[in-house]
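Asker:
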Amino acid sequence: MVSKNLKFLWVMVFLLSASLIFLPACKKEGRKGRSEIEEAALKQYVPPGEWDEFYLFMSGGHSGQVYVYGVPSMRHIRTIPVFSPYPATGYGFDAETKKMLGEYTWGDVHHPALSQTNAEYDGRWLFVNDNANGRIARIDLRTFKTVEIYGPIPNIAGNHGSAYITPNTEYSLFATRFSIPIPKGTYAPVEEYATKYKGIVGAVKIDPQTGHMSEGWQVLLPPFNYDLGYGGRKVSYGWAFWTCYNSERATGKLEVTASQKEKDYIVAVNWKEVEKVIEQGKYEMIGGAKVVDASKVPGIAYFIPCGKSPHGVDVSPSGEYIIGSGKLNPSVTVYSFSKFMKAIENKDFEGEEDGIPVVKFESVREAEVPVGLGPLHTQFDDKGFAYTSLFVESAIAKWRVGPPWDVVDKIPVAYNVGHLTVAGGDTGKPYGKWLVACNKLSKGRHLPVGPSQPESAQLIDISGEKMRIIAEAYPEPEPHYAVMVPRDLLKPIEVYVRNVDNKDPNAIWSEAEARQERKGNVVEVWAMAVRSYIAPYKIECEQGDKVIIHLTNIEEMRDEIHGFAISFYNINVVPDPGETLHIEFIADKPGVFPYYCTNFCSALHQEMQGYLVVKPKRIARLEKGLLASLKP
Amino acid sequence: MVKLKKLSSLLLLLSSVFMACSIPLPLWTFWVRSYQYPEGLVMHVYLYKVGGRDLVEINVLNHYIGMKPLKNEDFPQFKIFPFWVGGIAILTFIVAFVRKKILVLLPISLTSLFGVYGLYLLYTKLYEYGHNLSPKAAMKIPPFTPPILGTNKFAQFTTLAYFDVGALLILISTLLMAIVLGVNLLVKEDKNV
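Protein chains in written order, with the working numbering: chain U, 40 to 671; chain L, 1008 to 1200.
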């Protein structure tokens, strides 16, 4: 008994002394971990009221919107509605934005592109594409509002390889992801895909002063799936590149049928040459657009072989290297633009597709970089490194642009990264410092919110030799590409200055001017909102009248935003300080409908209301008859 | 006739320039500070208008207590003041060339009159705005007169009022005239006139 107890005692003593030795060690280990966390937290911390260093514009995918985040805080600051109505800012409810959206109430935003001058961001506009309905939209970065939507662009279906911009914002690129018989509306059974369906790539012209978009050019290509695009810069200026998959020209289960060939292509289009041949009249009008047939007009398009089902095509800051990423490859292929030029000169071709030359792979390839499995997209930093997202491997590889073309670092990301972005990483002058990985799956890293889950966006510090994950945000579905720009490059306004930013002839600036006028069946109202009233206090019309309201928010103080909603009429517009918006509707429902301020503005915000009084047709008619009979 | 010295003449010229410079500049400035206006609210009174970055916002806030909006139309004096001060500047300029000692009295009296009237007007207007509050106002507060100079507290707002560059220029200009007049009155007439 005693010996047993003694044994127990000895064991306890041993354990205690062991713990005395090991505990401090554990503690030290813990402290080290904590300091790492502290360091990361401090890197990301932006004190309340202070500004982030970078703007991050994330595409919102099928939400049809663009999200504005601050970097490094990863705080969501703003949602810019583009292709979808957004009652929070009244987008899609006033006459102008309603007209801009047209018949569609959603879009599929994939690739934001900041306007550039000399291959550098100039902070003027942000272009985004709609993959679903073949459109391109322009956001004015003075107001952070969508000001123009161009399209649906003729002849294309699924504008994915867009809205990539050329180095002086001459063009925004587009491409058909899903080849269709053209012009749109043409019928041809899917079985005739290989012959009757057509591929199209092209560009929308941009006015360098106003940003206004108009018809550019289109190039007719074989019926492949044109995927991602990129505008060449510096040495490759004047060229545009798109990847394509399904060079098998297959239909059905593409997962299998379009994965048969070892190589698909990058198509290189000489847009300077396209401009020339269009001027010479070497084009056809198809679907109302000027289309140059690449199989008939030589010298405008070339195919460059690229490993299995390529996705991203990215051009290095110098413009010399073109990086092709095959989705099912364990490496990226680096092509040399000067070698490509030489191959064209020497007619170093290995075949053709519908008469369009395919340059010899070996003669244009510069290097093969073993980045890892499933490379999708590549961005560049300011120190001569490239960063490639690896979807299948769920990682980001950092590699040297130039000999020995080696992978220098790799970091796992959670999970399955799609696009990635480095500040200025798609320009001739990358800023580096931060990288954001736009991951496709978050798999419950956030507070559980049910089966519909957000994505994950991870902030990675790339200022040192080793990449480090610093923070994480959970954007709504679904960021594809994103662009990051230093905050100093943007100079947004806070108030529409009267007679400067707002020259609307229907704007009114005082209560005294508030009124309504009738012209036939149209009731026109000049209204104003200010803390804490909306004038006029009532709007009177008859059932069936068309009502037009010109509403001006006459505030001059920033953030004094007023909303104007009419209950049961599905109307909610939100004019910013100094802004005039226009509301148009048919007053088809008789009765009394309150209108009120939806955007909380002041202590007496609740009092900010009025009534829309719609006289029933019957009574209105009776009154009119009575009036007529009373007339002598 | 007693003539002014060269130096006095120069001082009068300077005085004239100062007086003229005050015309486009703010005479009186009124600041409102509170936590939710990080940059504060500011308005200015000029010879010819009420203005400043936040005049509209100040009017918006004041309407809640039933104060009338500050509007140029309520100050007919704005049509006269620039000519009054401009006139003094021209007059001083002429006197500097004519160099008659006694004539200095003319701009001095005009500018003094302006000063007294200006202050009187500012005070009565402040009194008026602070006392003619609409009985139908959303917030009813006891009538008050905002101070012409210094700080005041109202609810979460702190106000600060002071005379601005324009008024200072007029003051300096007047002081210069006074110096010229004073020195020339004191100095014996036989000494290098």
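Note that the Cβ used here is the ideal one computed from N, Cα and C, for glycine as well.
Taking only the alpha-carbon atoms, compute the straight-line gap between LYS530 of chain U and VAL1067 of chain L and give it to the nearest angstrom.
Answerer: Here residue 530 of chain U is taken as the residue at index 491 of the first sequence, counted from 1. Here residue 1067 of chain L is taken as the residue at index 60 of the second sequence, counted from 1. One C-alpha to the other measures close to 27 Å.
Asker: Which two residues bound the contiguous alpha helix (DSSP H) that contains TRP1091 of chain L?
Answerer: Taking the first residue of the second sequence as 1, we reach residue 1091 of chain L at position 84. Counting along the chain, the alpha helix (DSSP H) containing TRP1091 of chain L begins and ends at 1088 to 1105.
Asker: At least one CB of chain U closer than 8 Å to the CB of ALA1162 of chain L: is that the case?
Answerer: Here residue 1162 of chain L refers to the residue found at position 155 when the second sequence is read from its first residue. ALA1162 of chain L does not count as touching chain U.
Asker: Any beta carbon of chain L sitting closer than 8 Å to that of ALA64 of chain U?
Answerer: The residue you call residue 64 of chain U lines up with position 25 of the first sequence. Because the pLDDT at ALA64 of chain U is just 46, under 50, the model does not fix this residue reliably, and the value given afterwards should be weighed accordingly. Answer no: the Cβ-Cβ gap between ALA64 of chain U and chain L never drops below 8 Å.
Asker: In three-state DSSP terms, what is GLU78 of chain U?
Answerer: Locating residue 78 of chain U in the first sequence gives position 39, where the first residue counts as 1. It is helical.
Asker: Cutting at 8 Å between CB atoms, please list the residues of its own chain near GLY327 of chain U, excluding the five before and the five after it.
Answerer: Taking the first residue of the first sequence as 1, we reach residue 327 of chain U at position 288. Counting only Cβ-Cβ distances below 8 Å, and skipping sequence neighbours, we find PRO193, PRO222.
Asker: Does any CB atom of chain L fall closer than 8 Å to the CB of GLU68 of chain U?
Answerer: As a working mapping, residue 68 of chain U is identified with position 29 in the first sequence. Note that GLU68 of chain U has pLDDT 44, beneath the 50 cutoff, so the model's placement of it is unreliable and the number below is only indicative. No, because no Cβ of chain L sits closer than 8 Å to the Cβ of GLU68 of chain U.
Asker: Assuming ASN1069 of chain L is part of the alpha helix (DSSP H), what are its boundary residues?
Answerer: If you number the second sequence from 1, residue 1069 of chain L lands on position 62. Start and end: 1062 to 1070.
Asker: If you follow the beta strand (DSSP E) that GLU511 of chain U is in, where does it begin and where does it stop?
Answerer: For this step, residue 511 of chain U is matched to residue 472 along the first sequence. Looking at the DSSP string, the run of the beta strand (DSSP E) that includes GLU511 of chain U is 507 to 512.
Asker: Relative to the alpha-carbon of GLU254 of chain U, which residue among U:GLY277, U:GLY99, U:GLY271, U:TYR189 has its alpha-carbon at the smallest distance?
Answerer: Position 215 of the first sequence, counted from the first residue, corresponds to residue 254 of chain U. The candidate whose alpha carbon is nearest that of GLU254 of chain U is U:TYR189.
Asker: Find the residues of chain U that neighbour GLU1252 of chain L, judging by a C-beta separation of less than 9 Å, and give them in chain order.
Answerer: Only positions 1008 to 1200 of chain L appear in this structure, which leaves residue 1252 of chain L out of reach.
Asker: Output the boundary residues of the beta strand (DSSP E) element that contains GLU504 of chain U.
Answerer: The residue you call residue 504 of chain U lines up with position 465 of the first sequence. Neither: GLU504 of chain U is in no beta strand (DSSP E) and is coded neither H nor E.
Asker: Are any of the Cβ atoms in chain U nearer than 8 Å to that of ALA1145 of chain L?
Answerer: Taking the first residue of the second sequence as position 1, residue 1145 of chain L is located at position 138. Answer yes: the Cβ-Cβ gap between ALA1145 of chain L and chain U drops below 8 Å somewhere.
Asker: Run through DSSP, which three-state label would THR296 of chain U get?
Answerer: Counted from its first residue, the first sequence places residue 296 of chain U at position 257. Three-state result, THR296 of chain U: helix.
Asker: With H, G and I counted as helix, E and B as strand and the rest as coil, what does DSSP make of CYS1028 of chain L?
Answerer: Here residue 1028 of chain L refers to the residue found at position 21 of the second sequence. CYS1028 of chain L falls in the helix class under three-state DSSP.
Asker: Excluding the five sequence neighbours on either side, which residues of its own chain have a C-beta within less than 6 Å of the C-beta of VAL1173 of chain L, listed in chain order?
Answerer: Indexing the second sequence from 1 puts residue 1173 of chain L at position 166. Checking the sequence shown, residue 1173 of chain L turns out to be Gly, not Val. Closer than 6 Å at the Cβ level, and outside the excluded window around GLY1173 of chain L, lie SER1029, LEU1032, PRO1033, LEU1034.
Asker: With a threshold of 8 Å between beta-carbons, can VAL1067 of chain L be considered close to chain U, or not?
Answerer: One-based indexing of the second sequence puts residue 1067 of chain L at position 60. Chain U contact via Cβ: present.
Asker: Contact defined as beta carbons within less than 8 Å: I believe VAL110 of chain U pairs with LEU498 of chain U. What is the distance between those atoms, to the nearest angstrom?
Answerer: In the first sequence, residue 110 of chain U corresponds to position 71, counting from 1. In the first sequence, residue 498 of chain U corresponds to position 459, counting from 1. Correct: roughly 7 Å between the Cβ atoms.
Asker: Does the region 327 to 336 of chain U come within contact of the region 280 to 289 of chain U, defined as at least 3 CB pairs closer than 8 Å?
Answerer: No, they do not touch.
Asker: Using DSSP with H/G/I as helix, E/B as strand and the rest coil, what is ARG288 of chain U?
Answerer: Here the question's residue 288 of chain U lines up with position 249 in the first sequence. ARG288 of chain U: coil per DSSP, three-state reduction.
Asker: Could you tell me which whole beta strand (DSSP E) segments of length 3 or greater appear in the region 584 to 651 of chain U?
Answerer: Runs of the beta strand (DSSP E) inside the region 584 to 651 of chain U: 585 to 592, 603 to 605, 610 to 612, 619 to 625, 630 to 635.
Asker: Based on Cα-Cα distance, which residue from U:VAL373, U:ILE339, U:GLY338 lies nearest to GLY351 of chain U?
Answerer: As a position in the first sequence, residue 351 of chain U is number 312, starting the count at 1. Closest by alpha carbon: U:VAL373.
Asker: Got a sec, what are the start and stop residues for the beta strand (DSSP E) VAL373 of chain U sits in?
Answerer: Along the first sequence, one-based indexing puts residue 373 of chain U at 334. It spans 371 to 375 - the beta strand (DSSP E) in which VAL373 of chain U sits, taken as one unbroken run.
Asker: So VAL569 of chain U contacts chain L; which residues on that side make the cut at Cβ distance below 7 Å?
Answerer: As a working mapping, residue 569 of chain U is identified with position 530 in the first sequence. Going along chain L in sequence order, the residues near VAL569 of chain U (Cβ under 7 Å) are VAL1067.
Asker: Cβ of LEU643 of chain U less than 8 Å from any chain L Cβ?
Answerer: Indexing the first sequence from 1 puts residue 643 of chain U at position 604. True, the Cβ-Cβ gap to chain L drops below 8 Å.
Asker: Whose CA, out of U:PHE639, U:CYS640, U:ASN609, U:HIS621, lies closest to the CA of PHE632 of chain U?
Answerer: Within the first sequence, residue 632 of chain U is the residue found at index 593, counting from 1. Comparing Cα-Cα distances from PHE632 of chain U to each of U:PHE639, U:CYS640, U:ASN609, U:HIS621, the minimum goes to U:ASN609.
Asker: Less than 8 Å between the C-beta atoms of ASN741 of chain U and GLY338 of chain U, yes or no?
Answerer: Only positions 40 to 671 of chain U appear in the structure, and residue 741 of chain U is not among them; the question remains open.
Asker: DSSP beta-bridge partners for HIS115 of chain U?
Answerer: The sequence position of residue 115 of chain U within the first sequence is 76, counting from 1. According to DSSP, HIS115 of chain U bridges with U:TYR108.
Asker: Does THR635 of chain U pass the burial test, meaning 16 or more other C-beta atoms within 10 Å, or should it be called exposed?
Answerer: Numbered from its first residue, the first sequence carries residue 635 of chain U at position 596. It should be pointed out that residue 635 of chain U corresponds to Tyr in this sequence rather than to Thr. With 16 or more other Cβ atoms within 10 Å, it is buried.
Asker: Can you give me the C-alpha to C-alpha distance between ASN157 of chain U and GLU504 of chain U, rounded to a whole angstrom?
Answerer: Counted from its first residue, the first sequence places residue 157 of chain U at position 118. Counted from its first residue, the first sequence places residue 504 of chain U at position 465. Roughly 29 Å between the two C-alpha positions.
Asker: Tell me which residues share the same chain as LYS1010 of chain L and place their Cβ nearer than 8 Å to its Cβ, disregarding the 5 neighbours each side in the sequence.
Answerer: Here residue 1010 of chain L refers to the residue found at position 3 when the second sequence is read from its first residue. Closer than 8 Å at the Cβ level, and outside the excluded window around LYS1010 of chain L, lie ARG1106, LYS1107, LYS1108, VAL1200.
Asker: Which first and last residues belong to the beta strand (DSSP E) in which SER402 of chain U is found?
Answerer: As a working note, residue 402 of chain U is residue 363 in the first sequence. Per DSSP, SER402 of chain U belongs to no beta strand (DSSP E); it is in the alpha helix (DSSP H), 400 to 403.
Asker: Can you tell me which of the three DSSP states ILE361 of chain U falls into?
Answerer: Within the first sequence, residue 361 of chain U is the residue found at index 322, counting from 1. Correct three-state label for ILE361 of chain U: strand.
Asker: Return yes when the Cβ of ILE195 of chain U is within less than 8 Å of the Cβ of PHE166 of chain U, no when it is not.
Answerer: The residue labelled residue 166 of chain U in the question sits at position 127 within the first sequence. The residue labelled residue 195 of chain U in the question sits at position 156 within the first sequence. Cβ atoms of PHE166 of chain U and ILE195 of chain U: not closer than 8 Å.
Asker: So GLY268 of chain U and TYR203 of chain U are supposed to be a Cβ contact under 8 Å. How far apart are they, rounded?
Answerer: Here residue 268 of chain U refers to the residue found at position 229 when the first sequence is read from its first residue. Here residue 203 of chain U refers to the residue found at position 164 when the first sequence is read from its first residue. Sure, about 4 Å apart at Cβ, within 8 Å.
Asker: Taking the CB atoms as reference points, tell me whether GLU494 of chain U and GLU517 of chain U lie closer together than 8 Å.
Answerer: Counting from one through the first sequence, the residue named residue 494 of chain U turns up at place 455. Counting from one through the first sequence, the residue named residue 517 of chain U turns up at place 478. For GLU494 of chain U and GLU517 of chain U, yes; Cβs fall inside 8 Å.
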